[in-house]
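This report refers to the structure that appears directly beneath it.
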Amino acid sequence: MQVRNGSGALGAQQATEARVPAPREPATGPIRVHRSFLVAEIAVAAATLVLLSLTVVTYPFRGDHAIFSLIGRQVLHGGTLYTELWDVKQPGVFLWYGLADALGLGETGARLLDVLAAVAFGACVWVLLRRRTVTPWVRRRLPVLATGVLLASAGPGDFGQLEMLCLLPAVGAFALVAADPAETPGRRRIVGAALCVGVVGVFKLPLAAVTGLALLVFLVLRLRGRARVGAVPVVVVVALVPVLLVLAWLATRGAGGAALRVWLVDALDMGAAHGSRSPARLLEGLGRYLLWTAPVVLLAGWRLATTVRRRDPLDLAMVAFAVLHAASVAAQFGWWYQWYFLCAPLVVLALRGLDDLAPRLARGPRRGRTAVLLAVACLPMLAHLASWSVPAVLDGGGVTAASRARIDERVAGYDTIRAEIAAAGLRPDDSLFVLGDPLYHLLAGKPLVVRTNGWDYDLMADRQWRELAGEVAAVRPTVVLVDDQAAGWLVERGPDLRAVLARDYAPVRSGPEGTWYRLR
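Per our numbering, residue 83 is the first one in the sequence shown, and the count goes up by one each step.
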């Protein structure tokens with residue numbers, strides 16, 4: 083039936099258009115913001131990040147950082163990893179710390195590199211999400227929010243760990259292929275993303291597996307036809323290139339076979355060792371991570387609630403990323419800092435969730451309740467931030483030598499260790515082996531002379547304990563320290579090493595910090 087003059091059809095059309103709101107499209111053009119407001123915002127953001135970074139930069143080395151630095155220094159001075167210097171990790175972290183030492187940056191410089199990696203992580207998140215973000219103020223603050231969350235939720239001692247260092251190349255891989263939702267990633271970008279996965283593998287192979295599989299999930303969902311089929315072998319082959327180059331470098335130094343043995347045999351032996359896996363430690367670490375990143379988890383959950391309906395390839399890849407890494411941590415030692423690699427997928431999902439939630443925060447009927455919920459979720463993170471930043475401020479912030487010395491002693495007992503070294507009578511020509519905290523090596527200025535370092539005493543398999551005893555007997559370091567934390571493990575797990583100490587060494591000092599032995 084026709085309507086006279088078409089007026090009825092026009093009215094119906096207008097009514098329909100009034101009922102159906104236009105879809106929200108990302109505003110990719112320049113954001114119009116008053117210059118003075120923008121300058122003030124940049125100044126406040128920069129000051130906040132600098133203050134957060136200062137506590138990390140002035141935080142002293144502890145056990146893991148000390149062993150990374152010691153091995154890295156000796157590798158760059160001609161030492162051979164895995165044959166002369168043993169550790170179960172891939173070479174990337176030692177080269178990272180060795181770089182800081184080679185540049186003469188010291189502890190502060192190494193910490194500064196860790197902070198720069200966190201800032202670069204925020205920049206990669208901005209590249210990844212700026213064309214996918216609708217709300218101007220969210221898009222403008224993407225790098226600050228990503229970096230700030232990382233600096234506030236992680237303790238200063240967590241920076242420099244493998245999981246934190248690998249956040250940058252992991253997110254960088256997705257920034258190369260997923261930054262533009264309207265563009266299908268080409269071959270060059272896929273190759274670049276796969277190389278980023280390979281860089282992760284140079285630091286830690288399980289993290290590379292997680293990142294690579296999540297990348298494949300995105301590419302399989304995003305590509306079509308032959309491009310989808312061809313992307314899988316390209317990613318796998320190209321991701322192996324950095325790892326194979328490092329393996330070739332080790333082979334030229336006669337350590338190729340030793341590297342494979344450490345990566346494939348020693349790692350599995352340590353994973354099967356008594357006490358290496360603890361459900362309580364795993365759950366405690368997960369609980370700490372979820373509590374200290376509660377606003378991130380909350381916003382990521384908001385985005386996750388609509389992920390299946392949206393079927394967004396990036397969202398689904400981030401979900402796969404999170405699930406794969408959770409399974410990976412459960413299969414490893416379950417240290418709390420291992421959970422921080424979840425920041426890669428969860429921060430991406432959280433920022434997209436914040437973009438979805440922004441209209442409700444601006445004008446929704448329940449904006450007050452939503453804002454209060456987010457504020458309450460931030461409280462554990464802020465309390466955690468205060469727990470380590472306030473003592474540092476009370477110690478003077480590390481801006482003077484005296485202030486830095488107070489922080490060093492409070493956090494890692496530097497003065498106590500130096501006093502122990504002096505009381506033990508360690509001479510300039512002495513060689514040293516420490517079963518326990520490698521800070522004794524670092525502060526005494528003594529290189530590692532025994533292949534197996536004594537820092538992994540709680541994770542070594544029985545075979546490795548026997549190998550360590552043989553190495554100490556062969557090298558015969560002048561002085562041996564068994565610190566208070568390792569003493570119980572020596573009694574329970576190291577009968578061969580105890581026999582070597584009883585036969586070749588005499589105790590010269592015993593106290594609350596440990597027992598010192600000198601070669602007879």
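All C-beta atoms, glycine included, are put in the ideal place defined by N, C-alpha and C.
Since the structure is predicted, the reported quantities are computational estimates derived from the model, not experimental observations.
field: Rounded separation between W470 and L476 - CA only
entry: Their backbone Cα atoms lie some 10 Å apart in a straight line.
query: Cα-Cα, which of Y496, L342, Y164, V532 is closest to D513?
result: Residue identity differs from the one stated: residue 513 is Ser in this sequence, not Asp. If you compare the alpha carbons of Y496, L342, Y164, V532 with that of S513, the shortest gap goes to V532.
Would R193 and V139 qualify as a contact pair, given that the criterion is a beta-carbon distance under 7 Å? Taking a C-beta distance under 7 Å as the contact criterion, R193 and V139 qualify as a contact pair.
DSSP bridge partner residues for L167 (one or two, in chain order)
Residue pairing of L167 in beta bridges, as defined by DSSP: L163.
request  = Locate the alpha helix (DSSP H) running through D565, then write down its first and last residues.
outcome  = For D565, there is no enclosing alpha helix (DSSP H); the residue is found in the beta strand (DSSP E) stretching over 561-565.
* Cβ-Cβ separation, A199 to L158 (assumed contact under 8 Å), whole Å -> Rounded, the Cβ-Cβ distance is 19 Å, inconsistent with contact.
*Does the beta-carbon distance from L443 to R449 come in below 7 Å?*
R449 is positioned such that its CB atom lies closer than 7 Å to that of L443.
- prompt: Based on the DSSP secondary-structure assignment, which residues constitute the bridge partners of Y599?
  reply: Answer by DSSP bridge pairing, in chain order: V562, P589.
Tell me which residue opens and which closes the alpha helix (DSSP H) that F515 is part of. Careful: F515 lies outside any alpha helix (DSSP H), inside the beta strand (DSSP E) at 514-517.
> Between the segment 555-570 and the segment 497-515, do at least 3 Cβ pairs fall closer than 8 Å?
Replying inline: With the cut-off at 8 Å, the segment 555-570 and the segment 497-515 touch.
### Query
Shorter than 7 Å from the beta carbon of I272 to some beta carbon of chain D?
Given the protein chain composition of this structure (a single chain), no chain D is represented.
Query - Beta-carbon proximity check, L381 vs G435, cutoff 7 Å - result: Closer than 7 Å, so yes.
Requested in this report: Would you identify the three-state DSSP class for T375, choosing helix, strand or coil?
Outcome: In the structure shown, T375 sits in coil (DSSP, three-state: anything other than H, G, I, E or B).
Whole angstroms are fine: how far does the CA of I499 sit from the CA of F415?
Between F415 and I499, the C-alpha separation is close to 28 Å.
Next item on the list: Look at the Cβ atom of G145, then the Cβ atom of D538, and state whether they are nearer than 7 Å.
Entry: For G145 and D538, no; Cβs fall outside 7 Å.
field: Three-way DSSP call (helix, strand, coil) for T140 in this model
entry: Coil, per DSSP.
Practice item. Check whether the Cβ atoms of I272 and V316 sit closer than 7 Å, and answer yes or no. Key: Yes, Cβ-Cβ distance for I272 and V316 is below 7 Å.
Practice prompt. Answer with buried or exposed for D183, where buried requires no fewer than 16 other C-beta atoms within 10 angstroms of its C-beta.
Written response: Counting the other CB atoms within 10 Å of its CB gives D183 a total of 16 or more, which places it among the buried residues.
### Query
The alpha helix (DSSP H) with Q420 in it runs from where to where?
Neither: Q420 is in no alpha helix (DSSP H) and is coded neither H nor E.
Measure the Cβ-Cβ separation of V279 and L289 and say whether it is below 7 Å.
Against a cut-off of 7 Å, the Cβ pair of L289 and V279 comes out as no contact.
Where does the unbroken alpha helix (DSSP H) through W208 begin, and where does it stop?
Start and end: 188-211.
Alpha carbon to alpha carbon, how far is L120 from V347? Distance between the alpha carbons of L120 and V347 is about 55 Å.
Check your understanding: Do you know whose CA, among A340, A205, T388, lies nearest D438's CA?
Key -> When A340, A205, T388 are compared, the shortest CA-CA separation from D438 is found for T388.
- Task: Output the distance between the C-alpha atoms of G254 and E245, rounded to the nearest integer angstrom.
- Result: In this structure, the CA atom of G254 is about 14 Å from the CA atom of E245.
inquiry  = Comparing C-alpha positions only, which one of V231, L210, P473 sits nearest to P267?
reply    = Checked all of V231, L210, P473; the closest Cα to P267 is L210.
* What whole-angstrom Cβ distance do L517 and G536 have, given they're in contact under 8 Å? -> Right, their Cβ atoms sit about 4 Å apart.
How far does the alpha helix (DSSP H) with H466 in it extend, from its first residue to its last? It spans 449-476 - the alpha helix (DSSP H) in which H466 sits, taken as one unbroken run.
*Are there 16 or more other CB atoms within 10 angstroms of the CB of G596, so buried, or fewer, so exposed?*
Burial check for G596: the Cβ neighbour count within 10 Å reaches 16 or more, so the residue is buried.
Problem - When R392, V259, L428, V390 are compared against V405, the one with the closest alpha-carbon - result: Taking each of R392, V259, L428, V390 in turn and checking the Cα distance to V405, the smallest one comes out for L428.
T334, buried or exposed, once every other Cβ within 10 Å from all chains shown has been counted against 16 | T334 comes out exposed.
So the alpha helix (DSSP H) D146 belongs to, where does it begin and stop?
Where D146 is concerned, the enclosing alpha helix (DSSP H) stretches over 145-158.
_T388 - DSSP class collapsed to helix/strand/coil_ = Three-state result, T388: coil.
If we count the other Cβ atoms within 10 Å of its Cβ and call it buried at 16 or more, is I153 buried or exposed? Counting Cβ neighbours within 10 Å, I153 comes out buried, since at least 16 surround it.
For P142 and Y422, I'd like the C-alpha separation in whole angstroms.
Each residue's alpha carbon lies about 20 Å from the other.
**Prompt:** Just the Cα atoms here: how many angstroms apart are L583 and L258?
**Reply:** About 55 Å.
Does the separation of the CB atoms of V318 and S410 fall below 7 Å?
-> In this structure, S410 does not lie closer than 7 Å to V318 by Cβ.
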